[in-house]
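Protein chains in written order, with the numbering used here: chain L, 1190 to 1466; chain X, 53 to 376.
A virtual CB, placed ideally from N, CA and C, is assigned to each residue, including glycine.
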């Protein structure tokens, strides 16, 4: 009999924990304000948006934007660095509150995420090896192209890209590759491209800033043609807390109007990417 | 050592047929590559003239010299006592590795600058994640082994289902399943505990089988004798079976520990800042990831060597009865 009571108590407490844990609607803002910390997920491998600096701390454009949003909310910011595929899988279950990691608001992603603030636009471009004979983007037809897995660059290379965020300029597919290889990050793709023209890859589709960065670091690559599309990039949150979204949206608008965003963009890219050209 | 007999015989590397064969093979291998453009060709300049102009003659001369040096080296090492032989061969292989890394033109100042952080943050995280997982996995393994050997249908079914499932899935997938799947049930689990859980469950399953086979390797006569003098199950296991099974269990278990240390790198995908994660991120901004990957590789290697040493110590301890 005693056993039975104990078992029942155990079952009851288990059931309680199960039902109590999932986050309730509207709870994110309360949690952030109560803890005085905003937990931000970002990538640690995506210079110059977010990366480890000389002091082994996270730094970069996205990181600065996240810190500024935190400042405007009156809370401190804590960074968490799960893999990109884990962030885009959704079901954050309160492990982090928002994601500032240059996410493009596509329709599919909007099924799991809200995008309370578009904070800049990145030109996506094509890089080829220095020795490449390609002179126009159309020369890349039936070639092997490298991209980052589950990114808009991959979607573009596979001709499966939808840009439906407000203010995204129209684009067209300039080439149709034979083979699209997807890597976990763009550096690995550049590493394969640097091996030689056509050794493993003929071209890489990536963001223009990261192509320029790789070029500066001595990679034997060059940009081919004009940028292929402009990617709007936004802060992402999970569905369910409209108040929290409103706060973030207000913070991002504030950063746009008082020039903070443009200043940060010039600081990190040397160019103002926060307006569409 | 298999069986060190006392028959006097000439050392293999001193037998003429072996030396000639070795010389011919090395000569053929180095003839296949044109090494005149390397440092080796440069060293041979007094004999062959301008290395790049020397053609087939230069190529043959370089290969010949390399083959002579190699064969002489092997023959000379053959004269040394066993322990010194082992030391010299280790040392030479190590030199070859360093020469290989040297060709990458790594930036040493960058490595020195990042090394303290790699160790204090990365190696420490890797070590404590694997250490905790090893302890939990060992406990699971003992329980699992006993369950798999029991005549209780439930215990056997659960244990065999467990080993089959967790040995049957890739560890990376288990990490993802636990980190992303458990929150669906309401358990929000942090990255580090999720990684530890995945590692413990996966390695617990492998080690269950190791422990089971170790226990089964003990002759049933031992059980019969123990039971006939009135020992119960617990005391038989503790005092008779396990002490004899341990020498069988320890070598493969040490293997598991070493491989766990390296497989803990898989938890980097869920954002734990352990060695592998730092290796991939620290050099990213300045495109110096080759530096970080190689230094991390060496750190992993050094940690594995420590485990190897510990393992050989324990093995020697349990082999006392076999030493004459």
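Give me, in chain order, the residues of the same chain whose beta-carbon lies closer than 7 Å to that of residue i; leave out the 5 immediate sequence neighbours on both sides.
i: residue 1434(L); result: 1303, 1305, 1426
i: residue 378(X); result: Past the edges of chain X, shown from 53 to 376, lies residue 378(X), and the structure says nothing about it.
i: residue 1351(L); result: 1295, 1296
i: residue 255(X); result: 185, 189, 308, 312
i: residue 1196(L); result: Residue placement at residue 1196(L) is poorly supported in this model, since its pLDDT is 49, which falls under 50; the coordinates are not used for a value here.
i: residue 1408(L); result: 1379, 1383
i: residue 1457(L); result: 1237, 1249, 1250
i: residue 1225(L); result: 1264, 1265
i: residue 1271(L); result: 1230
i: residue 158(X); result: 342, 343, 346
Taking the alpha helix (DSSP H) that residue i belongs to, which residues open and close that run?
i: residue 1458(L); result: 1449-1458
i: residue 364(X); result: 341-370
i: residue 329(X); result: 327-333
i: residue 1441(L); result: 1431-1446
i: residue 99(X); result: 97-100
i: residue 338(X); result: First-last for residue 338(X): undefined, no H or E at that position.
i: residue 1471(L); result: Nothing can be reported for residue 1471(L): it is not among the residues displayed for chain L, which extend from 1190 to 1466.
i: residue 315(X); result: 294-315
i: residue 374(X); result: Neither: residue 374(X) is in no alpha helix (DSSP H) and is coded neither H nor E.
i: residue 1299(L); result: 1296-1299
Kindly list the residues whose CB is nearer than 8 Å to the CB of residue i, restricted to its own chain and excluding five residues on each side of it in sequence; keep chain order.
i: residue 1447(L); result: none
i: residue 1423(L); result: 1292, 1293, 1294, 1304, 1305, 1306, 1307, 1308, 1354
i: residue 298(X); result: 266, 370
i: residue 264(X); result: 196, 197, 200, 201
i: residue 283(X); result: 291, 292
i: residue 1372(L); result: 1335, 1336, 1337, 1338, 1378, 1381
i: residue 269(X); result: 297, 300
i: residue 1218(L); result: 1430, 1432, 1433, 1436
Let me know the secondary structure DSSP gives residue i once reduced to three states.
i: residue 270(X); result: coil
i: residue 231(X); result: helix
i: residue 1225(L); result: coil
i: residue 258(X); result: helix
i: residue 241(X); result: coil
i: residue 1265(L); result: strand
i: residue 157(X); result: coil
i: residue 74(X); result: helix
i: residue 55(X); result: coil
i: residue 107(X); result: helix
i: residue 92(X); result: helix
i: residue 1248(L); result: strand
i: residue 1273(L); result: helix
i: residue 1234(L); result: strand
i: residue 1469(L); result: The shown model of chain L, from 1190 to 1466, leaves out residue 1469(L), and the question about it has no answer.
i: residue 1461(L); result: coil
i: residue 275(X); result: helix
i: residue 281(X); result: coil
i: residue 247(X); result: helix
i: residue 63(X); result: coil
i: residue 125(X); result: helix
i: residue 141(X); result: helix
Apart from the five residues just before and just after residue i, which ones in its own chain have a Cβ nearer than 6 Å to its Cβ?
i: residue 1399(L); result: 1375
i: residue 363(X); result: 306
i: residue 1368(L); result: 1333
i: residue 1216(L); result: none
i: residue 359(X); result: 309, 310
i: residue 1386(L); result: 1318, 1320, 1321
Starting from residue i, trace the beta strand (DSSP E) in both directions and tell me its first and last residue.
i: residue 1421(L); result: 1410-1427
i: residue 1292(L); result: 1287-1292
i: residue 1314(L); result: 1302-1318
i: residue 1241(L); result: 1239-1241
Is residue i near the ligand HEM - that is, is its Cβ less than 7 Å away from at least one heavy atom of it?
i: residue 277(X); result: You won't find the ligand HEM in this model; it holds no ligand whatsoever.
So, does the CB of residue i fall closer than 8 Å to a CB anywhere in chain A?
i: residue 338(X); result: Looking for chain A here will not work: the only protein chains present are L and X.
- Item | Members of the segment 1282-1299 of chain L near chain X, C-beta cut-off 8 Å | Answer set for the segment 1282-1299 of chain L: 1282, 1283, 1284.
- Residues of the segment 1364-1380 of chain L whose Cβ lies closer than 7 Å to any Cβ of chain X, in chain order: The residues in question are 1376.
- Note down, in chain order, all residues in the segment 316-334 of chain X with a beta-carbon under 7 Å from any beta-carbon belonging to chain L. Those residues of the segment 316-334 of chain X that come within reach of chain L (Cβ to Cβ, closer than 7 Å) are 321, 322, 323, 332, 333, 334.
- Curious, which full-length alpha helix (DSSP H) runs of at least 4 residues does the segment 1330-1384 of chain L contain? Segments of the alpha helix (DSSP H) lying fully in the segment 1330-1384 of chain L: 1341-1346, 1375-1383.
- Message: Under 8 Å, CB to CB, which of the residues in the segment 148-160 of chain X have a partner in chain L?
- Response: Result list empty, no residue passes.
- If you scan the segment 168-225 of chain X from start to end, which runs of the beta strand (DSSP E) of 3 or more residues do you find wholly inside it? You should have found no qualifying run.
- Note down, in chain order, all residues in the segment 238-262 of chain X with a beta-carbon under 8 Å from any beta-carbon belonging to chain L. Listed by position along the chain: 238, 239, 240, 242, 243.
- Task: Pull out every residue of the segment 1302-1320 of chain L whose Cβ sits closer than 9 Å to any Cβ of chain X, in chain order.
- Result: Result list empty, no residue passes.
- Message: Using a Cβ-Cβ cutoff of 7 Å, what residues of the segment 1259-1280 of chain L are near chain X? List them in chain order.
- Response: Within the segment 1259-1280 of chain L, the residues whose Cβ lies closer than 7 Å to some Cβ of chain X are 1269, 1270, 1271, 1272, 1275, 1278, 1280, listed in chain order.
- Would you list, in chain order, the members of the segment 1222-1240 of chain L that have their beta-carbon closer than 7 Å to a beta-carbon of chain X? Within the segment 1222-1240 of chain L, the residues whose Cβ lies closer than 7 Å to some Cβ of chain X are 1233, 1234, 1236, 1240, listed in chain order.
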